[in-house]
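**Student:** First the structure, which I've put down as structure tokens, then a few questions once you've had a look.
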Amino acid sequence: MAGHSKWANIQHRKGRQDDKRGKVWTRVIREIMVAARSGGADLSANPRLRLAIEKAKAVNLPADTIKRNIDKATGQLEGVQYEEIRYEGYGIGGVAIIIDTMTDNKVRTVAEVRHVLSKGGGNLGTEGSVAFQFKHCGQMIFAPGTPEDKLMEAALEAGAEDILTEDDGATEVITSAQDFESVKNSLQSAGLTPELAEVTMRAESVIELTGDEALKMQKILDALEDLDDVQEVYHNAALVL
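Numbering-wise (our numbering), the sequence shown opens with residue 2 and increments by one.
Printed below as a string of structure tokens:
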């Protein structure tokens, strides 16, 4: 099954992360704290915390910082308590957007999200207004040139739900959210390491935007990701820039 350029999107995302390392650290610290608070500090019993720590290590967050924030979240040290809030809205051309936040001030966060959307030509929607257009699942993207037959065989054997070949030569492996970690570990054991691996909200269909519309949409997405309280931004736009 062919699709739009996941590879270009990954490169853009990585470039922004490299430019904003401090912001990325803040996001993974908040994810660690919420995961530890909700599921406890025992890694063997808390898959969300395992994934959060894996993300932290991938961006070179120091081990003592990881431990300190787990201790804060579980009450062993004093710290700020963050609340998870999801917002849904629309961008250019009816593009659906999901904005996941972690905040200690809901009033501030919703005001900032609403301002970015309205300033860019979009609007904030109600709960459930766009979420039905996305699937909660595991997603792994493999670089163009990855042996397709080997990947397909290993992924299906490991329990993947689907393998998609993109127009740009990248391969996307889809799993259930529950099976994500085990499938990823199986593929890595087979020598197949993804460029991107995460539990995500994946759009069921896309809206292609070109020219000025694509630029305006990218501006909205970048502005949302720049907000301090925003953890993740999901959308169903295929931007041709």
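Using N, Cα and C, we set each Cβ at its ideal position, and we do this for glycine too. Nothing here was measured: the structure is a model prediction, and the numbers come from that model.
Can the beta-carbon of Glu209 be found less than 8 Å from the beta-carbon of Ala239?
**Tutor:** Against a cut-off of 8 Å, the Cβ pair of Ala239 and Glu209 comes out as a contact.
**Student:** Throw me the rounded Cβ distance for the Asp169 and Pro145 pair, which I believe falls under 8 Å.
**Tutor:** Yes, they are in contact, since the Cβ atoms of Asp169 and Pro145 sit about 6 Å apart, within 8 Å.
**Student:** Figure out for me which residue from Leu222, Ala46, Arg87, Asp105 has the closest Cα to the Cα of Arg93.
**Tutor:** Checking the sequence, you will find Ile at residue 93 rather than Arg. Nearest option by C-alpha distance: Leu222.
**Student:** Hey, Phe181 and Val207: beta-carbon distance below 8 Å or not?
**Tutor:** For Phe181 and Val207, no; Cβs fall outside 8 Å.
**Student:** Since Thr176 sits in a beta bridge, which residues does DSSP pair it with?
**Tutor:** DSSP output for Thr176 lists Gly139 as bridge partner(s).
**Student:** I want to know whether the region 59–79 touches the region 19–38 - three or more CB-CB distances under 8 Å.
**Tutor:** Yes, they touch.
**Student:** At a Cβ threshold of 8 Å, is Val111 touching chain C?
**Tutor:** Absence of chain C from the displayed structure is noted, only one protein chain being present.
**Student:** Rounded to whole angstroms, what's the CA-CA distance from Leu197 to Lys107? Just pull it up for me.
**Tutor:** Their Cα atoms are separated by approximately 30 Å.
**Student:** Output needed for Ser39: all residues of its chain with C-beta closer than 8 Å, excluding positions within five of it in sequence on either side, in chain order.
**Tutor:** Excluding sequence neighbours, Ser39 sits near Arg49.
**Student:** Who are the near neighbours of Val234 in its chain, counting only those whose CB is closer than 8 Å to its CB and skipping five residues on each side?
**Tutor:** Ile98, Ile99, Ile100, Asp101, Leu222, Leu225, Glu226.
**Student:** Taking 7 Å as the limit between beta carbons, can you name the residues of its chain near Asp163, skipping five residues before and five after?
**Tutor:** For Asp163, where only same-chain residues beyond five positions count, the Cβ hits under 7 Å are Ile175.
**Student:** Could you check whether Val25 and Val81 sit closer than 8 Å to each other, using their CB atoms as the reference points?
**Tutor:** No, they are not a contact pair.
**Student:** From Gly41 to Glu79, what distance separates their C-alpha atoms?
**Tutor:** Computed Cα separation, rounded: 16 Å.
**Student:** Less than 7 Å between the CB of Ile54 and some heavy atom of the ligand NAP, yes or no?
**Tutor:** Ligands are entirely absent from the displayed structure, and the ligand NAP is therefore not among its contents.
**Student:** Hey, out of Thr104, Val96, His137, whose CA is closest to Leu118's CA?
**Tutor:** Among Thr104, Val96, His137, the Cα nearest to that of Leu118 belongs to Val96.
**Student:** Taking only runs of the alpha helix (DSSP H) that begin and end inside the region 57–122, which ones reach a length of at least 4 residues, in chain order?
**Tutor:** Segments of the alpha helix (DSSP H) lying fully in the region 57–122: 64–74, 107–121.
**Student:** Of the choices Ala191, Ser177, Thr104, whose alpha-carbon is the least far from that of Lys147?
**Tutor:** In the sequence as displayed, the identity of residue 147 is Thr instead of Lys. Nearest C-alpha to Thr147: Ala191.
**Student:** Along the chain, where does the beta strand (DSSP E) that runs through Leu240 open and close?
**Tutor:** From DSSP, the beta strand (DSSP E) with Leu240 extends over 238–241.
**Student:** Using DSSP with H/G/I as helix, E/B as strand and the rest coil, what is Asn186?
**Tutor:** In the structure shown, Asn186 sits in a helix (DSSP, three-state: H, G or I).
**Student:** Is the beta carbon of Lys136 closer than 8 Å to that of Arg87?
**Tutor:** Their beta carbons are not under 8 Å apart, which means Arg87 does not touch Lys136 by this criterion.
**Student:** Rounded to whole angstroms, what's the CA-CA distance from Ser45 to Arg28? Just pull it up for me.
**Tutor:** For Ser45 and Arg28, the distance between alpha carbons rounds to 23 Å.
**Student:** Between which two residues does the alpha helix (DSSP H) harbouring Leu222 extend?
**Tutor:** Here the alpha helix (DSSP H) through Leu222 covers 212–227.
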